[in-house]
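In terms of numbering that gives the first Met the number 0, the sequence shown is residues 0 to 221.
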Amino acid sequence: MNIDLETLKLLMRIGAFVELIAVIIGTFYFYKYKNTALKYILLLFWYTVINDLLGVFYLRGGIITDYNAIIYNIYNVISFTYLLLLFRHYIQNKIHKKAILVFSIIYLISFIINGFFENYLIEHQRFPYIIAAIFLVISISLYFIEILNSEKVLNAKRNLLFWISVGFLIFFVGNLPFRILTNYYLHLADATISFLVKLTLTIIMNICFIIGFIWSDKKQQY
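(1) Counting only runs that start and end within the region 91–122, where is the alpha helix (DSSP H) found for 4 or more residues in a row?
(2) Just the Cα atoms here: how many angstroms apart are S109 and A98?
(3) If contacts are defined as beta-carbon pairs under 8 Å, then L198 and G14 qualify, I think. What distance do you get, rounded to the angstrom?
(4) Whole alpha helix (DSSP H) runs in the region 116–159 with 4 or more residues, listed along the chain?
(5) Would Q91 be called buried (16 or more neighbouring beta carbons within 10 Å of its own) or exposed?
(6) Just the Cα atoms here: how many angstroms apart are Y142 and K156?
(7) Rounded to a whole number of angstroms, what is the C-alpha to C-alpha distance between G61 and I121?
(8) Report all residues from its chain with a CB closer than 7 Å to the CB of L195; omit the five preceding and five following residues, and keep chain order.
(9) Which term fits L9, buried or exposed, when burial requires 16 or more other beta carbons within 10 angstroms of its beta carbon?
(10) Which residue marks the beginning of the alpha helix (DSSP H) containing L85, and which one marks its end?
(11) Near H95, what residues of its chain come up, given a Cβ to Cβ distance below 7 Å and the 5 sequence neighbours on each side ignored?
(12) Short check: CB of A21 to CB of I209, under 7 Å?
(13) Please look up how many angstroms separate the CB atoms of F126 and N113, rounded, as I've assumed it's under 8 Å.
(14) Taking 6 Å as the cut-off, is the C-beta of A36 nearer than that to any heavy atom in the ligand HEM?
(15) Quick one: is T64 buried, meaning 16 or more other Cβ sit within 10 Å of its Cβ, or exposed?
(16) So, are the CB atoms of N76 and I202 less than 7 Å apart?
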């Protein structure tokens with residue numbers, strides 16, 4: 000199953016468009032979370048949209064001649080580090096906070112070490128992405144466990160971080176198996192199916208973000 004370049008660019012634009020709608024809505028409802036640690040996630044979402052649009056542009060050749068790996072490698076290290084520290088901020092359990100800090104350090108070390116084995120200018124990072132995604136899934140799970148064991152669970156669905164967490168959890172749990180197959184079992188993996196799954200998960204994730212922005216309380220308390 001193959002997708003021609005023009006169709007690929009069209010599908011990437013659709014994904015970027017959904018991300019753009021989510022970030023515009025997030026900007027409109029910024030007043031809800033502007034006084035919380037979540038205020039910086041709006042910058043990450045805008046960065047994501049711009050980064051994905053650049054990814055579409057570089058598919059045409061552009062400055063890097065078909066190589067768009069560098070912009071995604073830089074994006075991954077920034078986004079994963081931020082998200083891990085974000086959940087560390089909101090989690091109250093001291094042991095879990097220390098664990099997430101260790102996760103962040105391990106990820107950054109793996110990212111640096113991996114530079115000796117892969118050229119980040121032309122190759123998408125492999126192992127660092129997988130380890131960071133696993134760490135993020137664990138961190139989100141720790142957040143949910145803490146919510147379920149507290150009074151916050153009563154108002155969880157009206158909390159923006161809850162919906163952001165649901166979105167990221169769905170995306171990474173769904174995308175990780177395909178990412179691992181694509182990286183280490185190329186003869187078994189269909190890159191087209193992997194791309195379509197990622198696109199679908201991206202749309203679902205951003206729908207979760209949109210629900211959170213719209214449905215969350217007018218003023219986030221934590």
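Cβ atoms here follow ideal geometry from the backbone N, Cα and C, with glycine treated the same way.
Everything numeric in this text was worked out from a predicted model, so none of it was measured.
Concretely, from the data shown:
(1) 93–113
(2) Position 110 of the sequence shown, counting from 1, holds the residue named residue 109. Position 99 of the sequence shown, counting from 1, holds the residue named residue 98. Distance between the alpha carbons of S109 and A98 is about 16 Å.
(3) Taking the first residue of the sequence shown as 1, we reach residue 198 at position 199. Taking the first residue of the sequence shown as 1, we reach residue 14 at position 15. That belief holds up - the Cβ atoms of L198 and G14 are roughly 5 Å apart, short of 8 Å.
(4) 126–147
(5) Indexing the sequence shown from 1 puts residue 91 at position 92. The residue is exposed, with fewer than 16 neighbouring Cβ atoms inside 10 Å.
(6) Locating residue 142 in the sequence shown gives position 143, where the first residue counts as 1. Locating residue 156 in the sequence shown gives position 157, where the first residue counts as 1. One C-alpha to the other measures close to 14 Å.
(7) Counted from its first residue, the sequence shown places residue 61 at position 62. Counted from its first residue, the sequence shown places residue 121 at position 122. Residue placement at G61 is poorly supported in this model, since its pLDDT is 41, which falls under 50; the coordinates still yield a value, given next. For G61 and I121, the distance between alpha carbons rounds to 14 Å.
(8) Against the sequence shown, residue 195 aligns to sequence position 196. Counting only Cβ-Cβ distances below 7 Å, and skipping sequence neighbours, we find nothing.
(9) Residue numbering aside, residue 9 sits at position 10 when the sequence shown is read from its first letter. So L9 ends up on the exposed side.
(10) To locate residue 85, count along the sequence shown from 1; it is residue 86. 68–89 is the extent of the alpha helix (DSSP H) around L85.
(11) Numbered from 1 along the sequence shown, position 96 holds the residue referred to as residue 95. Excluding sequence neighbours, H95 sits near L141.
(12) On the sequence shown, residue 21 is found 22 positions in, with the first residue counted as 1. On the sequence shown, residue 209 is found 210 positions in, with the first residue counted as 1. A contact, by the Cβ cut-off of 7 Å.
(13) By 1-based counting over the sequence shown, the position of residue 126 is 127. By 1-based counting over the sequence shown, the position of residue 113 is 114. That pair is a contact at about 6 Å.
(14) Ligands displayed in this structure: none; no statement on the ligand HEM is therefore possible.
(15) What you label residue 64 is simply residue 65 of the sequence shown in a count that begins at 1. Low per-residue confidence applies at T64: pLDDT is 41, beneath 50, and the placement is therefore not dependable, though the value from the model is reported in the following sentence. Exposed: under 16 other Cβ atoms inside 10 Å.
(16) Here residue 76 is taken as the residue at index 77 of the sequence shown, counted from 1. Here residue 202 is taken as the residue at index 203 of the sequence shown, counted from 1. Note that residue 76 is Val in the sequence shown, not Asn. No. Outside cutoff.
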